[in-house]
Amino acid sequence: MTQFRGIFGILTASYKEDMSLDEKSVRSQVDFCVKAGSHGIVVPVNASEFIVLSDEERKDIIRFTVEQAAGRIPVIAGVTTQSTYQSVEFAAYAGKIGADGLIAMPPYGARATDDEIVEFYKRIGDAGRIPVFIQNYIPPVGTAMSPSLCVRIMQEADYARYIKEETQYSSQVITEIARFAEILPKEKYLGTMGGKAGRYLIDEYHRGVCGNMPACDIVDIDAKIWNLLEEGKEKEAIALYNQAIPLMNMEYMYGYVLYKAVLKKRGIIDCDSVRVPGGKRLDKFDYTELDRILKELEPYYQV
(Lines of atoms letter the chains of each structure in order from A and count residues from 1; the text may use other names and numbers.)
(Lines give C-alpha, C1' and ligand atoms only; values in the text may rest on other atoms or scores of the structure.)
Protein backbone atom coordinates (compact mmCIF):
# COMPACT_ATOMS: atom_id res chain seq x y z
CA MET A 1 0.00 0.00 0.00
CA THR A 2 1.12 3.57 -0.73
CA GLN A 3 3.57 5.12 1.74
CA PHE A 4 2.72 8.78 2.37
CA ARG A 5 5.43 10.90 3.96
CA GLY A 6 6.12 14.60 4.37
CA ILE A 7 4.09 17.81 4.45
CA PHE A 8 0.60 17.51 2.99
CA GLY A 9 -0.79 21.01 2.53
CA ILE A 10 -4.49 21.60 3.14
CA LEU A 11 -6.30 23.73 0.57
CA THR A 12 -8.87 26.34 1.56
CA ALA A 13 -12.29 26.43 -0.06
CA SER A 14 -11.79 29.68 -1.96
CA TYR A 15 -14.80 31.78 -2.91
CA LYS A 16 -15.64 34.48 -5.40
CA GLU A 17 -17.01 37.84 -4.22
CA ASP A 18 -20.53 36.37 -4.48
CA MET A 19 -19.40 33.56 -2.12
CA SER A 20 -19.67 30.82 -4.74
CA LEU A 21 -16.81 28.33 -4.95
CA ASP A 22 -13.92 29.71 -7.02
CA GLU A 23 -12.49 26.97 -9.22
CA LYS A 24 -9.65 29.22 -10.42
CA SER A 25 -8.36 29.87 -6.90
CA VAL A 26 -8.65 26.21 -5.92
CA ARG A 27 -6.55 25.21 -8.92
CA SER A 28 -4.11 28.03 -8.16
CA GLN A 29 -3.58 26.60 -4.67
CA VAL A 30 -2.83 23.19 -6.17
CA ASP A 31 -0.17 24.64 -8.47
CA PHE A 32 1.28 26.63 -5.58
CA CYS A 33 1.54 23.48 -3.44
CA VAL A 34 3.33 21.60 -6.21
CA LYS A 35 5.79 24.44 -6.88
CA ALA A 36 6.30 24.96 -3.14
CA GLY A 37 7.45 21.38 -2.64
CA SER A 38 4.43 20.10 -0.74
CA HIS A 39 4.60 16.32 -0.58
CA GLY A 40 0.82 15.98 -0.89
CA ILE A 41 -2.50 17.84 -0.80
CA VAL A 42 -5.55 17.45 1.44
CA VAL A 43 -9.08 18.78 0.79
CA PRO A 44 -11.79 19.41 1.98
CA VAL A 45 -11.24 19.20 5.75
CA ASN A 46 -11.51 21.52 8.76
CA ALA A 47 -9.14 24.14 7.34
CA SER A 48 -11.21 24.04 4.14
CA GLU A 49 -14.49 24.95 5.89
CA PHE A 50 -15.90 21.59 4.79
CA ILE A 51 -18.95 21.95 7.06
CA VAL A 52 -20.34 24.84 4.96
CA LEU A 53 -19.84 23.26 1.54
CA SER A 54 -22.73 21.67 -0.32
CA ASP A 55 -22.43 18.05 -1.42
CA GLU A 56 -21.90 19.22 -4.99
CA GLU A 57 -19.20 21.70 -3.93
CA ARG A 58 -17.39 19.02 -1.96
CA LYS A 59 -17.26 16.78 -5.00
CA ASP A 60 -16.23 19.72 -7.18
CA ILE A 61 -13.33 20.76 -4.96
CA ILE A 62 -12.02 17.18 -4.86
CA ARG A 63 -12.34 16.91 -8.64
CA PHE A 64 -10.65 20.27 -9.30
CA THR A 65 -7.77 19.22 -7.05
CA VAL A 66 -7.29 15.76 -8.54
CA GLU A 67 -7.43 17.15 -12.07
CA GLN A 68 -4.99 19.97 -11.37
CA ALA A 69 -2.55 17.83 -9.40
CA ALA A 70 -2.54 15.42 -12.35
CA GLY A 71 -0.51 12.84 -10.46
CA ARG A 72 2.29 15.26 -9.58
CA ILE A 73 1.69 14.80 -5.85
CA PRO A 74 -0.86 12.66 -3.99
CA VAL A 75 -4.31 14.02 -3.14
CA ILE A 76 -6.07 13.01 0.08
CA ALA A 77 -9.84 13.60 -0.04
CA GLY A 78 -11.75 14.60 3.09
CA VAL A 79 -14.99 12.64 3.48
CA THR A 80 -16.23 13.53 6.97
CA THR A 81 -20.01 13.98 7.23
CA GLN A 82 -22.79 13.51 9.78
CA SER A 83 -23.49 9.94 8.69
CA THR A 84 -21.70 6.86 7.46
CA TYR A 85 -24.03 6.77 4.46
CA GLN A 86 -22.93 10.21 3.23
CA SER A 87 -19.25 9.55 3.85
CA VAL A 88 -19.42 6.29 1.90
CA GLU A 89 -20.84 8.22 -1.07
CA PHE A 90 -17.98 10.75 -0.98
CA ALA A 91 -15.38 8.00 -0.48
CA ALA A 92 -16.62 6.08 -3.50
CA TYR A 93 -16.58 9.28 -5.58
CA ALA A 94 -13.04 10.20 -4.49
CA GLY A 95 -11.73 6.74 -5.29
CA LYS A 96 -13.46 6.71 -8.65
CA ILE A 97 -11.99 10.01 -9.87
CA GLY A 98 -8.43 9.22 -8.83
CA ALA A 99 -7.80 10.53 -5.30
CA ASP A 100 -4.85 8.78 -3.68
CA GLY A 101 -6.25 8.52 -0.17
CA LEU A 102 -9.08 9.46 2.17
CA ILE A 103 -9.23 11.24 5.51
CA ALA A 104 -12.21 11.30 7.84
CA MET A 105 -13.35 11.95 11.36
CA PRO A 106 -16.18 9.73 12.63
CA PRO A 107 -19.70 11.05 11.94
CA TYR A 108 -20.34 14.22 13.95
CA GLY A 109 -23.49 15.60 15.55
CA ALA A 110 -24.18 12.59 17.77
CA ARG A 111 -21.19 10.63 19.03
CA ALA A 112 -20.93 7.18 17.50
CA THR A 113 -20.15 4.12 19.62
CA ASP A 114 -16.76 2.45 19.26
CA ASP A 115 -18.32 -0.36 17.23
CA GLU A 116 -20.02 2.17 14.95
CA ILE A 117 -16.74 4.03 14.49
CA VAL A 118 -14.92 0.85 13.47
CA GLU A 119 -17.71 0.01 11.03
CA PHE A 120 -17.54 3.55 9.64
CA TYR A 121 -13.87 3.20 8.72
CA LYS A 122 -14.46 -0.24 7.26
CA ARG A 123 -17.17 1.07 4.99
CA ILE A 124 -15.45 4.19 3.70
CA GLY A 125 -12.29 2.22 2.98
CA ASP A 126 -14.22 -0.45 1.12
CA ALA A 127 -16.05 2.25 -0.86
CA GLY A 128 -12.95 4.17 -1.92
CA ARG A 129 -10.50 1.26 -2.04
CA ILE A 130 -7.62 3.63 -1.25
CA PRO A 131 -5.66 4.23 2.00
CA VAL A 132 -7.54 5.95 4.83
CA PHE A 133 -6.32 8.44 7.44
CA ILE A 134 -8.16 8.17 10.77
CA GLN A 135 -8.53 11.80 11.86
CA ASN A 136 -8.38 12.04 15.64
CA TYR A 137 -9.75 15.49 16.47
CA ILE A 138 -11.44 17.25 19.36
CA PRO A 139 -15.22 17.84 19.72
CA PRO A 140 -17.64 19.27 18.78
CA VAL A 141 -16.93 18.32 15.17
CA GLY A 142 -14.28 15.76 16.02
CA THR A 143 -14.37 12.61 18.13
CA ALA A 144 -11.41 12.18 20.45
CA MET A 145 -10.48 8.50 20.16
CA SER A 146 -8.12 6.58 22.43
CA PRO A 147 -4.92 5.11 21.00
CA SER A 148 -6.34 1.65 21.62
CA LEU A 149 -9.45 2.45 19.55
CA CYS A 150 -7.32 3.84 16.71
CA VAL A 151 -5.31 0.62 16.68
CA ARG A 152 -8.49 -1.47 16.77
CA ILE A 153 -9.73 0.40 13.70
CA MET A 154 -6.50 -0.41 11.85
CA GLN A 155 -6.81 -4.05 12.90
CA GLU A 156 -10.34 -4.41 11.59
CA ALA A 157 -10.65 -1.91 8.71
CA ASP A 158 -8.68 -3.07 5.67
CA TYR A 159 -7.80 0.37 4.27
CA ALA A 160 -7.25 2.30 7.52
CA ARG A 161 -3.47 2.61 7.61
CA TYR A 162 -2.72 6.13 8.84
CA ILE A 163 -3.71 8.51 11.61
CA LYS A 164 -3.84 12.28 11.73
CA GLU A 165 -3.47 13.13 15.40
CA GLU A 166 -4.61 16.49 16.79
CA THR A 167 -6.35 15.89 20.11
CA GLN A 168 -5.18 17.40 23.41
CA TYR A 169 -1.53 16.62 24.25
CA SER A 170 -1.22 15.37 20.68
CA SER A 171 2.54 14.80 20.82
CA GLN A 172 2.22 12.33 23.67
CA VAL A 173 -0.75 10.68 21.97
CA ILE A 174 1.42 10.16 18.87
CA THR A 175 3.90 8.25 21.03
CA GLU A 176 1.10 6.23 22.64
CA ILE A 177 -0.37 5.30 19.27
CA ALA A 178 3.00 4.04 18.08
CA ARG A 179 3.34 1.97 21.26
CA PHE A 180 -0.13 0.44 20.91
CA ALA A 181 0.47 -0.17 17.20
CA GLU A 182 3.43 -2.44 17.93
CA ILE A 183 0.97 -5.34 18.01
CA LEU A 184 0.09 -4.73 14.35
CA PRO A 185 1.88 -6.15 11.31
CA LYS A 186 4.01 -3.45 9.69
CA GLU A 187 1.71 -3.24 6.67
CA LYS A 188 -1.27 -2.45 8.92
CA TYR A 189 0.13 0.77 10.43
CA LEU A 190 1.99 3.06 8.02
CA GLY A 191 2.30 6.12 10.23
CA THR A 192 0.84 9.13 12.00
CA MET A 193 0.81 12.72 10.79
CA GLY A 194 0.40 15.73 13.04
CA GLY A 195 -1.73 18.82 12.50
CA LYS A 196 -2.33 21.95 14.60
CA ALA A 197 -0.78 24.28 12.00
CA GLY A 198 2.58 22.55 12.33
CA ARG A 199 3.28 24.18 15.69
CA TYR A 200 4.77 21.00 17.14
CA LEU A 201 6.50 19.73 14.00
CA ILE A 202 9.98 19.38 15.50
CA ASP A 203 8.73 17.47 18.55
CA GLU A 204 6.48 15.32 16.36
CA TYR A 205 9.40 14.46 14.10
CA HIS A 206 11.42 13.27 17.09
CA ARG A 207 8.44 11.05 18.01
CA GLY A 208 8.51 9.35 14.62
CA VAL A 209 5.66 10.90 12.64
CA CYS A 210 5.52 10.32 8.90
CA GLY A 211 4.44 13.91 8.24
CA ASN A 212 2.14 16.80 9.06
CA MET A 213 -0.98 18.30 7.49
CA PRO A 214 -0.93 22.11 7.88
CA ALA A 215 -2.88 24.65 5.86
CA CYS A 216 -1.09 25.45 2.61
CA ASP A 217 -0.49 29.18 3.11
CA ILE A 218 3.19 28.67 4.04
CA VAL A 219 3.53 25.09 2.84
CA ASP A 220 6.81 26.01 1.15
CA ILE A 221 8.32 26.83 4.53
CA ASP A 222 6.73 23.81 6.22
CA ALA A 223 8.08 21.51 3.50
CA LYS A 224 11.54 23.08 3.77
CA ILE A 225 11.58 22.43 7.53
CA TRP A 226 10.59 18.81 6.92
CA ASN A 227 13.19 18.32 4.21
CA LEU A 228 15.93 19.71 6.43
CA LEU A 229 14.92 17.28 9.18
CA GLU A 230 14.98 14.40 6.71
CA GLU A 231 18.46 15.46 5.60
CA GLY A 232 19.71 15.44 9.19
CA LYS A 233 20.10 19.23 9.25
CA GLU A 234 18.24 19.71 12.51
CA LYS A 235 19.84 23.01 13.54
CA GLU A 236 18.83 24.58 10.22
CA ALA A 237 15.34 23.09 10.52
CA ILE A 238 14.89 24.48 14.02
CA ALA A 239 16.15 27.92 12.96
CA LEU A 240 13.57 28.06 10.14
CA TYR A 241 10.86 26.66 12.41
CA ASN A 242 11.58 29.41 14.94
CA GLN A 243 11.07 32.01 12.19
CA ALA A 244 7.69 30.47 11.31
CA ILE A 245 6.34 30.01 14.84
CA PRO A 246 4.80 33.52 15.15
CA LEU A 247 2.68 32.87 12.06
CA MET A 248 1.86 29.31 13.16
CA ASN A 249 0.61 30.72 16.47
CA MET A 250 -1.55 33.24 14.65
CA GLU A 251 -2.86 30.50 12.36
CA TYR A 252 -3.82 28.38 15.33
CA MET A 253 -5.72 31.32 16.83
CA TYR A 254 -7.68 32.40 13.73
CA GLY A 255 -7.75 29.29 11.53
CA TYR A 256 -9.13 29.60 8.01
CA VAL A 257 -9.55 33.38 8.38
CA LEU A 258 -5.80 33.67 8.71
CA TYR A 259 -4.95 31.03 6.10
CA LYS A 260 -6.96 32.89 3.50
CA ALA A 261 -5.53 36.27 4.45
CA VAL A 262 -2.01 34.94 3.87
CA LEU A 263 -2.93 33.19 0.62
CA LYS A 264 -4.47 36.40 -0.70
CA LYS A 265 -1.45 38.48 0.31
CA ARG A 266 0.76 35.97 -1.51
CA GLY A 267 -1.36 36.30 -4.66
CA ILE A 268 -2.56 32.70 -4.64
CA ILE A 269 -6.29 33.33 -4.14
CA ASP A 270 -8.41 36.32 -5.15
CA CYS A 271 -10.83 36.57 -2.22
CA ASP A 272 -10.28 35.83 1.48
CA SER A 273 -13.94 35.70 2.56
CA VAL A 274 -15.14 32.86 4.77
CA ARG A 275 -18.59 31.30 5.11
CA VAL A 276 -18.47 29.86 8.63
CA PRO A 277 -20.42 32.12 11.01
CA GLY A 278 -19.42 33.10 14.53
CA GLY A 279 -15.68 33.12 13.99
CA LYS A 280 -13.40 36.03 14.68
CA ARG A 281 -12.35 38.24 11.78
CA LEU A 282 -9.02 40.04 11.63
CA ASP A 283 -8.99 43.65 12.82
CA LYS A 284 -6.55 46.42 11.94
CA PHE A 285 -4.12 45.38 14.69
CA ASP A 286 -4.14 41.79 13.43
CA TYR A 287 -3.37 42.94 9.89
CA THR A 288 -0.51 45.10 11.16
CA GLU A 289 0.92 42.14 13.07
CA LEU A 290 0.40 39.81 10.11
CA ASP A 291 2.21 42.19 7.77
CA ARG A 292 5.12 42.39 10.20
CA ILE A 293 5.35 38.60 10.49
CA LEU A 294 5.11 38.03 6.74
CA LYS A 295 7.78 40.64 6.02
CA GLU A 296 10.17 38.70 8.25
CA LEU A 297 9.18 35.40 6.60
CA GLU A 298 9.46 36.57 2.99
CA PRO A 299 13.20 35.79 2.67
CA TYR A 300 12.38 32.15 3.44
CA TYR A 301 9.65 31.70 0.82
CA GLN A 302 10.52 29.00 -1.69
CA VAL A 303 8.03 30.26 -4.31
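Residues 1104 to 1406 (the numbering used here) make up the sequence shown, in order.
Ideal Cβ positions, reconstructed from N, Cα and C, are used throughout, including at glycine.
With DSSP as the reference, label P1216 as helix, strand or coil.
Here residue 1216 is taken as the residue at index 113 of the sequence shown, counted from 1. Residue 1216 is actually Thr in this sequence, not Pro. Correct three-state label for T1216: coil.
Check this for me: beta carbons of L1304 and M1257, under 8 angstroms apart or not?
Here residue 1304 is taken as the residue at index 201 of the sequence shown, counted from 1. Here residue 1257 is taken as the residue at index 154 of the sequence shown, counted from 1. Result no, Cβ atoms of L1304 and M1257 do not sit closer than 8 angstroms.
Measuring straight from C-alpha to C-alpha, what distance separates S1251 and I1280?
Residue 1251 sits at position 148 when you count from the first residue of the sequence shown. Residue 1280 sits at position 177 when you count from the first residue of the sequence shown. Each residue's Cα considered, the two are about 7 angstroms apart.
Pair every Cβ in the region 1338-1351 with every Cβ in the region 1151-1164, then say whether three or more of these pairs are closer than 8 angstroms.
no
For Q1171, three-class secondary structure by DSSP:
Locating residue 1171 in the sequence shown gives position 68, counting from the first residue. It is helical.
If you check the beta carbons only, do I1449 and V1129 fall under 8 angstroms apart?
Residue coverage of the chain in this structure runs from 1104 to 1406, which leaves residue 1449 outside it and unanswerable.
Would you decide whether A1116 is buried or exposed? Buried here means 16 or more other CB atoms lie within 10 Å of its CB.
Indexing the sequence shown from 1 puts residue 1116 at position 13. Its Cβ being crowded by 16 or more others within 10 Å, A1116 is buried.
Outcome for Q1405 when other beta-carbon atoms lying within 10 angstroms are tallied against a minimum of 16:
Taking the sequence shown and counting its residues from 1, one reaches residue 1405 at position 302. That one is exposed.
If A1409 sits next to V1235, beta carbons under 8 angstroms apart, how far is it from one beta carbon to the other, in whole angstroms?
Missing from the structure shown is residue 1409; the chain here goes from 1104 to 1406 and no further.
Of the choices G1228, G1297, C1313, Y1362, whose alpha-carbon is the least far from that of A1202?
What you label residue 1202 is simply residue 99 of the sequence shown in a count that begins at 1. Closest by alpha carbon: G1228.
Between E1333, M1356, G1358, D1325, which has its C-alpha nearest L1343's C-alpha?
As a first step, residue 1343 is located in the sequence shown; it is residue number 240 there, counting from the start. Per the Cα distances, D1325.
Opening and closing residue of the alpha helix (DSSP H) in which N1345 lies
Locating residue 1345 in the sequence shown gives position 242, counting from the first residue. Residues 1337-1357.
By DSSP, does T1391 sit in helix, in strand, or in coil?
Start at 1 with the first residue of the sequence shown, and residue 1391 comes out as number 288. T1391 falls in the helix class under three-state DSSP.
Measuring CB to CB, does Q1185 end up less than 8 angstroms from G1212?
Here residue 1185 refers to the residue found at position 82 of the sequence shown. Here residue 1212 refers to the residue found at position 109 of the sequence shown. Yes, Cβ-Cβ distance for Q1185 and G1212 is below 8 angstroms.
Given a cut-off of 8 angstroms on the beta-carbon distance, is the pair T1278 and Y1240 in contact?
Along the sequence shown, one-based indexing puts residue 1278 at 175. Along the sequence shown, one-based indexing puts residue 1240 at 137. Against a cut-off of 8 angstroms, the Cβ pair of Y1240 and T1278 comes out as no contact.
Extent of the continuous alpha helix (DSSP H) to which E1192 belongs:
Position 89 of the sequence shown, counted from the first residue, corresponds to residue 1192. Here the alpha helix (DSSP H) through E1192 covers 1187-1200.
According to DSSP, is R1226 part of a helix, a strand, or is it coil?
One-based indexing of the sequence shown puts residue 1226 at position 123. Here R1226 sits in helix by DSSP.
State buried or exposed for Y1118, treating a residue as buried only when at least 16 other CB atoms are found within 10 Å of its CB.
Position 15 of the sequence shown, counted from the start, is the residue given in the question as residue 1118. With 16 or more Cβ atoms within 10 Å of its Cβ, Y1118 is classed as buried.
Which two residues bound the contiguous alpha helix (DSSP H) that contains A1139?
One-based indexing of the sequence shown puts residue 1139 at position 36. A1139 -> alpha helix (DSSP H) spans 1126-1139.
Could you name the residues of the same chain whose beta carbon sits closer than 7 angstroms to that of L1332, not counting the 5 residues immediately before and after it, in chain order?
The residue given as residue 1332 occupies position 229 in the sequence shown. Hits under 7 angstroms: Y1308, A1340.
Three-state secondary structure (DSSP) at R1166?
Within the sequence shown, numbered from 1, the residue matching residue 1166 stands at position 63. Looking at R1166 - three-state DSSP - the assignment turns out to be helix.
Using beta-carbon positions only, say whether I1083 and S1131 come within less than 8 angstroms of one another.
Because the chain here runs from 1104 to 1406, residue 1083 falls outside it and cannot be looked at.
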